[in-house]
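In what follows, a single structure is set out as C-alpha cells and then discussed.
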Amino acid sequence: MSETHDTQAGAADQPADQPASQLGSAEERGGGLGLVVAVTLLVVVAAAVWFGRDDKELPPDGEPTPVAGPGFRDVARESGLDFHMGFLPDESGTTFKINLYDHGCGVSIADYDGDGHEDVFFLNQLGSNGLFRNRGDGTFEDVTEKVGVGLADRICVGGTFADVDNDGDQDLFVASTRGGNVFYENQGGGVLKDVTKKAGLEHIGHSQTAIFFDYDNDGLLDLYVVHTADWTLDEINPTSKTFKGKGGDGFDAVIQSAKEYNILYHNNGDGTFTDVTKKAGLQGRGWSSDVAIFDYDEDGDQDVLVACMFGRAQLYRNDKGKFVDVTLETLGRTSWGGMGVKVFDAHNDSRLDVLIVDMHSDMWMGLDLSHGSLKLATDSAQKKFRSIFGPMKQQDNKLVKTEERWADTLAFSRGEVLFGNSFFRATDKGTFEELSEEVGLETLWPWGISVGDFDNDGHQDIFLSSGMGFPFYYWPNHLMLNNGDGTFADHATARGIEPPVQGHYHDKKIQNRDSVRSSRCAATADFDGDGRLEIITNNFNDIPYYFKNEFDTGNKYVALRLQGTSSNRDAIGARILARVGDQTMLRMVHSAGGYLSQSSRTVHFGLGQHDVIDSIEISWPSGIKQVIENPALNQVHDVVEPDKAAK
Numbered sequence: 216m217s218e219t220h221d222t223q224a225g226a227a228d229q230p231a232d233q234p235a236s237q238l239g240s241a242e243e244r245g246g247g248l249g250l251v252v253a254v255t256l257l258v259v260v261a262a263a264v265w266f267g268r269d270d271k272e273l274p275p276d277g278e279p280t281p282v283a284g285p286g287f288r289d290v291a292r293e294s295g296l297d298f299h300m301g302f303l304p305d306e307s308g309t310t311f312k313i314n315l316y317d318h319g320c321g322v323s324i325a326d327y328d329g330d331g332h333e334d335v336f337f338l339n340q341l342g343s344n345g346l347f348r349n350r351g352d353g354t355f356e357d358v359t360e361k362v363g364v365g366l367a368d369r370i371c372v373g374g375t376f377a378d379v380d381n382d383g384d385q386d387l388f389v390a391s392t393r394g395g396n397v398f399y400e401n402q403g404g405g406v407l408k409d410v411t412k413k414a415g416l417e418h419i420g421h422s423q424t425a426i427f428f429d430y431d432n433d434g435l436l437d438l439y440v441v442h443t444a445d446w447t448l449d450e451i452n453p454t455s456k457t458f459k460g461k462g463g464d465g466f467d468a469v470i471q472s473a474k475e476y477n478i479l480y481h482n483n484g485d486g487t488f489t490d491v492t493k494k495a496g497l498q499g500r501g502w503s504s505d506v507a508i509f510d511y512d513e514d515g516d517q518d519v520l521v522a523c524m525f526g527r528a529q530l531y532r533n534d535k536g537k538f539v540d541v542t543l544e545t546l547g548r549t550s551w552g553g554m555g556v557k558v559f560d561a562h563n564d565s566r567l568d569v570l571i572v573d574m575h576s577d578m579w580m581g582l583d584l585s586h587g588s589l590k591l592a593t594d595s596a597q598k599k600f601r602s603i604f605g606p607m608k609q610q611d612n613k614l615v616k617t618e619e620r621w622a623d624t625l626a627f628s629r630g631e632v633l634f635g636n637s638f639f640r641a642t643d644k645g646t647f648e649e650l651s652e653e654v655g656l657e658t659l660w661p662w663g664i665s666v667g668d669f670d671n672d673g674h675q676d677i678f679l680s681s682g683m684g685f686p687f688y689y690w691p692n693h694l695m696l697n698n699g700d701g702t703f704a705d706h707a708t709a710r711g712i713e714p715p716v717q718g719h720y721h722d723k724k725i726q727n728r729d730s731v732r733s734s735r736c737a738a739t740a741d742f743d744g745d746g747r748l749e750i751i752t753n754n755f756n757d758i759p760y761y762f763k764n765e766f767d768t769g770n771k772y773v774a775l776r777l778q779g780t781s782s783n784r785d786a787i788g789a790r791i792l793a794r795v796g797d798q799t800m801l802r803m804v805h806s807a808g809g810y811l812s813q814s815s816r817t818v819h820f821g822l823g824q825h826d827v828i829d830s831i832e833i834s835w836p837s838g839i840k841q842v843i844e845n846p847a848l849n850q851v852h853d854v855v856e857p858d859k860a861a862k
C-alpha cells in the first residue's frame with residue numbers, strides 16, 4: 216500500500232493551505248477516498264516526471280553532507296545473488312490497485328545446510344523463490360531447484376527458519392497469500408521435506424509472516440503466524456493466474472475486507488502442532504503486519520508485540536501461557552499504520568527498546584498537484600501529524616468524515632494511535648516513553664527494520680527499507696547510524712547505501728512511464744566471516760541489494776552462536792549482556808522480525824577500541840544463567856547451554 220505521516224503537533228505546525236477539493240469532488244462522484252487515491256496516482260506520476268529526473272537528485276530527508284569514507288558497497292550481482300522479485304502486473308503494473316500485493320515479499324537468513332555459513336532465502340510473488348547457498352566467502356550459488364523450495368505455484372510472502380524438533384538442523388515455514396502455507400522438515404544436510412499436512416499446518420488464508428518462540432517454556436519452539444484480512448477476490452487474474460486483489464475501486468474496498476486473525480500453534484514434540492490460539496488469547500485484532508517477541512517485564516517468559524497495518528499495535532503480556540493485552544498502560548499510543556517492528560537496546564542501558572515504522576500513515580502524500588508531491592513529502596518526512604491525512608488541510612469536513620468512517624470500519628480510536636513511526640524507550644518502571652522525533656527516527660515510507668552495529672563502535676544502528684515504487688517517485692532507504700547516545704542520523708549517501716548503483720529507475724518502463732526502485736525488507740549477517748555485518752534486501756519488482764560491509768574503522772567485535780540444551784536448541788529468547796568498561800550492552804536471540812525478514816541468530820557485539828570484555832552473561836530461556844569471563848575478541852564463540860548455572 217502507500218502512505219503518509221501524521222503528528223501530534225498543533226495546527227500551527229502544519230501547512231494549512233493544502234486544498235482538499237480533489238478529495239471532495241471524488242467523494243461526490245461516489246468513489247470515496249479510495250477512488251481519489253487511485254485517480255491521484257496520475258498526479259503523483261506527473262510529479263515524478265516533473266521532479267527528480269536526474270539520478271543525482273535525491274530527496275534531502277535530513278541527509279548529511281556526503282563525506283569521503285568507507286561504508287557499504289552493493290555487490291549483489293557479482294556475489295551470485297541472481298534473483299528477481301516478480302510482481303503481479305495486473306495488480307501493480309499494467310493496472311495499479313491499492314491493496315497488499317504491493318507490500319512485497321520477504322528475505323530470510325539461516326544456515327540451512329549446517330556447514331557453518333549463513334545462507335539467503337528470497338520469497339517471491341510471481342515466479343520461484345530463491346535459496347542461495349553461501350560458499351563460505353560471502354558469494355552464493357543458487358540451490359533452489361536442488362532443494363525444492365521454489366513454490367512457484369503460489370504467492371509467497373514470508374519465510375522463517377528454526378530448529379523445530381531440536382535435532383540440530385533448520386526447518387522452514389513459508390507463509391502464502393491464499394496458496395497454502397508450507398512447512399519443510401530438514402532431513403539433515405540441507406535436505407528439506409514438505410511435511411505440512413503431517414504437521415497440521417495446512418492453513419490457507421492471507422498469511423503475512425511467522426515467528427517461532429517457546430511461549431510455554433517447555434523447550435520446544437512453538438509457531439505464531441500473523442494474518443491480515445480477506446483482501447482478495449475469488450476472480451483470477453488472466454496474466455498471473457492469481458487471485459485478483461480488491462482496491463480497483465479504492466481503499467474503502469480493501470479496509471472493508473473481513474479481518475483474519477493470528478494463529479498460535481503449540482509444538483507437540485512429535486512433529487505435529489495444535490492450534491491453541493483462543494486458549495492463549497493471541498488472536499490479535501486483524502490486519503497484523505509483523506511481530507516481535509521479547510520479555511519486556513523480565514519475568515522469565517516471552518511476551519508478544521504485534522504491529523498493525525490499520526489500528527493500534529498490541530503488546531501481550533505472557534502470564535504462564537495466557538496472554539493479556541497491556542498495550543495502552545505499557546506503551547500508550549502506537550503507530551496507526553505500522554509495518555515492521557524491532558526490539559533492541561539503543562542506549563546500552565540493559566533495557567530493550569521498541570521501534571515500529573509506520574508506512575500507512577504516509578499513504579496520502581501527493582494529492583495536491585499545485586504544491587508538488589515531492590516537496591510536500593520532503594517537507595513532511597521527519598514529522599508526525601494529527602490525522603491520517605497528514606499535511607492536508609485538517610478543517611475540511613469531508614476529510615473529517617472520511618477519517619471517522621475509517622475509524623469505525625477498522626475499529627480504532629484516535630486516542631490509541633499516533634500517525635508516524637513510534638520509538639519506545641524502555642524506562643526503569645516497566646513502561647515505555649515514545650521519542651521517535653526526538654531521537655531522529657521519524658521517516659517517510661518505511662517498510663522494514665534491520666538492526667546491527669554496522670561500524671562496530673559499540674552502538675546498534677538501523678537500516679530502514681523504504682520507498683513505494685511504481686507509480687510513485689523515488690524515495691531512498693535510510694542508514695540510521697547511532698550517535699552513541701541513542702539518537703540517530705541518516706548516513707545513507709555518505710556510506711554507500713544511496714543512490715542505487717543501477718540508478719533510481721528500472722530498465723523497463725511500465726505503461727511507458729519510469730518505474731522507480733524501492734525496497735521492502737532487509738536482513739543482516741556476517742556472510743564472509745570478517746566480523747562486519749552485511750545487509751541484504753528484497754526489493755519490489757527488482758533484484759536485491761547486497762551491501763557488503765567495508766567499514767575500516769579497526770573497531771573490534773565478538774560474536775556468539777548459542778546452542779540450547781534445556782532451552783530450545785536455537786536459544787531463541789536468550790538475553791546476552793556484555794560488560795565492557797562502564798557500558799553494559801544487551802542483545803537477544805531473535806527468531807524473525809522487522810517486516811517479512813529474518814536476520815542471523817548469531818549474537819554480535821561491536822566493541823569500538825576496547826581491548827577487553829569484562830564478562831558476558833547469558834540468560835537462557837530455561838532460566839539457567841551462564842557467565843563467560845574475558846572472552847577472546849575478534850572471533851565467533853560457540854556456546855552450549857550448561858546443565859546448571861555457572862558460578
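Position one of the sequence shown corresponds to residue 216 (our numbering), numbered consecutively onward.
A virtual CB, placed ideally from N, CA and C, is assigned to each residue, including glycine.
No experiment lies behind these values; they were computed from the predicted model shown.
Distance check for residue j and residue i, CA to CA, integer angstroms please.
| i | j | result |
| --- | --- | --- |
| S730 | N756 | 10 Å |
| I725 | L436 | 44 Å |
| K361 | G374 | 18 Å |
| D409 | D386 | 10 Å |
| P759 | R735 | 10 Å |
| G420 | F488 | 18 Å |
| D670 | D305 | 42 Å |
| L633 | A707 | 27 Å |
| P846 | P285 | 28 Å |
| Y399 | I324 | 16 Å |
| G788 | V854 | 15 Å |
| A774 | D705 | 26 Å |
| F355 | P691 | 27 Å |
| G404 | T411 | 20 Å |
| K599 | D352 | 43 Å |
| D429 | N783 | 7 Å |
Give every residue of the same chain whose Cβ lies closer than 6 Å to the Cβ of residue i, excluding the five residues on either side of it in the sequence, and list them in chain order.
| i | result |
| --- | --- |
| D512 | G645 |
| I603 | E618 |
| T492 | I478, L479 and Q498 |
| R176 | Past the edges of the chain, shown from 216 to 862, lies residue 176, and the structure says nothing about it. |
| V290 | Y761 and K763 |
For residue i, which residues of its own chain have a beta-carbon under 7 Å away from its beta-carbon, when the five flanking residues on both sides are left out?
| i | result |
| --- | --- |
| L303 | Y316, Q340, L341, N452, S455 and T457 |
| A641 | R566, L567, D568 and F647 |
Exposed or buried, residue i, counting other C-beta atoms within 10 Å across all chains shown (16 or more means buried)?
| i | result |
| --- | --- |
| D583 | Low confidence applies to D583: its pLDDT is 34, below 50, so where it sits in the model is not reliable, and the reading given next is rough at best. Its Cβ being crowded by 16 or more others within 10 Å, D583 is buried. |
| Q850 | exposed |
| E713 | buried |
| G699 | exposed |
| T624 | exposed |
| E417 | exposed |
| A507 | buried |
| K557 | buried |
| A473 | exposed |
Which residue's Cα is closest to the Cα of residue i: the options?
| i | options | result |
| --- | --- | --- |
| E649 | V572, G682, D594 and M695 | V572 |
| G809 | A528, L570 and V716 | L570 |
| L567 | D297, L848 and H805 | H805 |
| F687 | A291, F298, G308 and R500 | G308 |
| G744 | H852, Q798, V364 and Q841 | H852 |
Would you mind reading off the limits of the alpha helix (DSSP H) that contains residue i?
| i | result |
| --- | --- |
| E293 | A291 to S294 |
| E832 | Run containing E832: none in the alpha helix (DSSP H); it sits in the beta strand (DSSP E), S830 to S834. |
| V469 | F466 to I470 |
| K408 | K408 -> not in any alpha helix (DSSP H); beta strand (DSSP E) instead, spanning L407 to D409. |
If you follow the beta strand (DSSP E) that residue i is part of, which residue opens it and which one closes it?
| i | result |
| --- | --- |
| D568 | D568 to D573 |
| I712 | Taken as a continuous stretch (DSSP letters only), I712 belongs to no beta strand (DSSP E), as it is neither H nor E. |
| I677 | D676 to S681 |
| N612 | Taken as a continuous stretch (DSSP letters only), N612 belongs to no beta strand (DSSP E), being part of the alpha helix (DSSP H) at N612 to L625. |
| D386 | D386 to S391 |
| I750 | E749 to N754 |
| V358 | Element bounds for V358: n/a, residue is neither H nor E. |
| P846 | That residue, P846, is in no beta strand (DSSP E); it is neither H nor E in DSSP. |
| T646 | Where T646 is concerned, there is no enclosing beta strand (DSSP E), given that its DSSP letter is neither H nor E. |
Within the same chain, show all residues whose beta-carbon is closer than 8 Å to that of residue i, passing over the 5 residues directly before and after it, in chain order.
| i | result |
| --- | --- |
| A622 | S628 and R629 |
| D722 | none |
| D767 | P285 |
Any Cβ of chain C within less than 8 Å of the Cβ of residue i?
| i | result |
| --- | --- |
| N764 | Chain labels in this structure do not include chain C; a single protein chain is all it has. |
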